[in-house]
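A.B. asks: Numbering (the working numbering), first residue to last: 455 to 791.
Where a beta carbon is used, it is the ideal one built from N, C-alpha and C, also for glycine.
Keep in mind it's a predicted model, so treat the numbers as computed, not measured.
Handing you a structure now.
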Amino acid sequence: MIVVMKPSATEENIVKVQKHIEALGLSTHLSKGSDVTIIGVIGDKHKIAVLQMNSYEGVEKTVRITEKYKLVSREFQSERSVIDVRGAKIGGRELAIMAGPCSVECEPQLMEAARAVKAAGAQFLRGGAFKPRTSPYDFQGLGEEGLKLLAQAAKEYDLRVVTEIVDIADLDVICKYADVLQIGARNMQNFRLLQAVGRTDKPVMLKRGLAATITEWLNAAEYIISSGNDDVILCERGIRTYETFTRNTLDLSAVVAVQEMTHLPIIVDPSHGTGRRSMIAPMSRAAIAAGADGLIIEVHPHPEEALSDGDQSLRPEQFAALMEEARRIAEVMGRKI
Ligand code: PEP
Ligand code: MN
């Protein structure tokens with residue numbers, strides 16, 4: 455249930471409502487918009503069912519949300535969320551561009567990638583230091599050494615670090631170096647991990663699971679927000695279908711769906727979504743045209759030597775060309791790069 459406060463409600467009115475709800479053993483989640491404050495009520499549905507709030511001063515109305523996910527829903531917050539990552543905004547008029555190698559491999563590789571993506575207009579440097587590889591014999595990432603390189607490159611080129619967390623045990627060390635925590639597709643329903651990142655103050659980019667429905671994905675986002683962290687960014691990265699030509703099937707209709715269903719920003723990953731270098735630029739253009747809030751793209755200075763995902767990595771000059779096209783599409787959409 456949500457309690458919608460009147461625009462004239464005072465701070466005292468809001469606190470009184472919260473205290474009443476919390477005294478019943480329920481928890482509250484506050485969302486302050488430019489006009490109204492909404493109080494989300496979370497907890498035992500039997501207790502919520504008998505909650506009567508309409509007589510409280512400052513209360514406009516109460517609304518029952520029938521969906522399981524509540525805090526991510528547009529009913530709870532009608533305005534789109536804008537997430538500020540050290541000055542770079544995700545979900546605003548400006549598109550968020552994240553780019554860099556699949557894996558951090560060594561200093562020259564990362565530095566070259568960072569320089570190139572910054573020069574082309576990215577605000578975020580992506581790169582995995584802890585890699586969730588399908589085979590145990592594949593490169594697993596450099597661990598903390600990789601995180602250090604990411605932080606160094608980000609500092610040198612004024613970028614923000616986006617990197618994946620695969621295990622709760624790595625949370626503290628990753629938080630030391632990362633600006634955005636990435637939850638990979640394979641971990642979208644690792645609920646303990648979702649709750650753990652939900653207890654941090656780092657924005658979380660939640661990738662859609664390999665075979666997740668949109669509802670499952672939004673419930674995963676709800677795990678993070680209900681643990682205390684409002685800064686969730688969704689990332690569509692393709693889903694498993696019967697098609698084998700592409701690595702995954704990039705579901706651009708999901709961009710529209712989640713924008714109707716939630717207030718969270720959504721960015722698109724055409725690299726994992728297609729697995730094919732030649733498809734990255736066309737799908738990036740399409741993603742922006744569909745209304746995505748940004749892109750995350752794999753860029754490697756020498757894709758043929760990449761330790762992971764070389765076939766889907768753009769060369770620096772290809773990324774720069776894509777950014778030029780993306781700028782033009784963004785302008786048509788009333789957005790900016
Ligand atoms: C990645 O970003 O390199 C990655 C492993 O992505 P996903 O979880 O979408 O497969
Ligand atoms: Mn990858």
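State yes or no: is the C-beta of HIS756 nearer than 7 Å to some heavy atom of the ligand MN?
C.D. replies: No, the ligand MN has no heavy atom inside 7 Å of this Cβ.
A.B. asks: Only counting the same chain, and skipping five residues up and downstream in sequence, which positions put a Cβ closer than 6 Å to that of PRO555?
C.D. replies: So the qualifying residues of the chain are ALA567, GLY581, HIS754.
A.B. asks: Grab the span of the alpha helix (DSSP H) containing LEU484 for me, first residue to last.
C.D. replies: No alpha helix (DSSP H) holds LEU484; the beta strand (DSSP E) holding it covers 481-486.
A.B. asks: Would you call the segment 652-664 in contact with the segment 675-686, where contact means no fewer than 3 C-beta pairs closer than 8 Å?
C.D. replies: Touching, yes.
A.B. asks: For LEU718 and ILE687, which I take to be in contact (beta-carbon distance under 8 Å), what is that distance rounded to the nearest angstrom?
C.D. replies: Contact holds; Cβ gap of about 7 Å.
A.B. asks: Closer than 5 Å between the C-beta and any heavy atom of the ligand MN: which residues qualify, listed along the chain?
C.D. replies: The filter returns CYS556, ASP763, in chain order.
A.B. asks: Just to check, is the beta-carbon of PRO586 closer than 7 Å to a non-hydrogen atom of the ligand PEP?
C.D. replies: Yes, the beta carbon of PRO586 sits closer than 7 Å to at least one heavy atom of the ligand PEP.
A.B. asks: Provide the residue span of the alpha helix (DSSP H) that contains LEU660, from first to last.
C.D. replies: Element bounds for LEU660: not the alpha helix (DSSP H) but the beta strand (DSSP E), 658-661.
A.B. asks: Quick check on ASN802: buried or exposed, where buried means 16 or more other Cβ atoms within 10 Å of its Cβ?
C.D. replies: Because the chain in this structure spans residues 455 to 791, residue 802 falls outside the shown range and cannot be described.
A.B. asks: Taking LYS656 and LEU672 to be in contact with their CB atoms under 8 Å, please state how far apart those CB atoms are, rounded to whole angstroms.
C.D. replies: About 20 Å separates the two Cβ atoms, so there is no contact after all.
A.B. asks: Looking at VAL558 and LEU596, is the spacing between their C-beta atoms short of 8 Å?
C.D. replies: Yes; because the gap between Cβ atoms is below 8 Å, this pair is in contact.
A.B. asks: Using 8 Å as the threshold, is the C-beta distance between VAL458 and GLU511 below it?
C.D. replies: Cβ atoms of VAL458 and GLU511: not closer than 8 Å.
A.B. asks: Between the beta-carbon of GLN506 and the beta-carbon of ALA542, is there less than 8 Å?
C.D. replies: Contact flag unset, no.
A.B. asks: For the putative contact between LEU749 and ILE551, defined by C-beta atoms under 8 Å, what is the C-beta separation to the nearest angstrom?
C.D. replies: Right, their Cβ atoms sit about 6 Å apart.
A.B. asks: Using a Cβ-Cβ cut-off of 6 Å (strictly less than) and excluding sequence neighbours within five positions of VAL620, which residues of its own chain qualify?
C.D. replies: The answer, listed in chain order, is PHE584, PRO586.
A.B. asks: Please give me, in chain order, every unbroken run of the beta strand (DSSP E) with length at least 3 that falls completely inside the segment 724-778.
C.D. replies: Complete beta strand (DSSP E) runs here, min 3: 748-752.
A.B. asks: With a threshold of 8 Å, are at least 3 pairs of Cβ atoms found where one atom belongs to the segment 516-523 and the other to the segment 720-732?
C.D. replies: Result no; under three Cβ-Cβ pairs closer than 8 Å.
A.B. asks: When you measure from the CB of HIS483 to every non-hydrogen atom of the ligand PEP, does any distance come out below 7 Å?
C.D. replies: No, Cβ of HIS483 sits at least 7 Å from all heavy atoms of the ligand PEP.
A.B. asks: Answer yes or no: the CB of GLU618 versus the heavy atoms of the ligand PEP, is any distance below 7 Å?
C.D. replies: Flag set: Cβ of GLU618 near the ligand PEP.
A.B. asks: Going by DSSP, what residues sit across from SER527 in a beta bridge?
C.D. replies: SER527 is bridged to THR716.
A.B. asks: In angstroms with no decimal places, state the Cα-to-Cα distance between GLU476 and PHE773.
C.D. replies: Spanning the two alpha carbons is a distance of roughly 51 Å.
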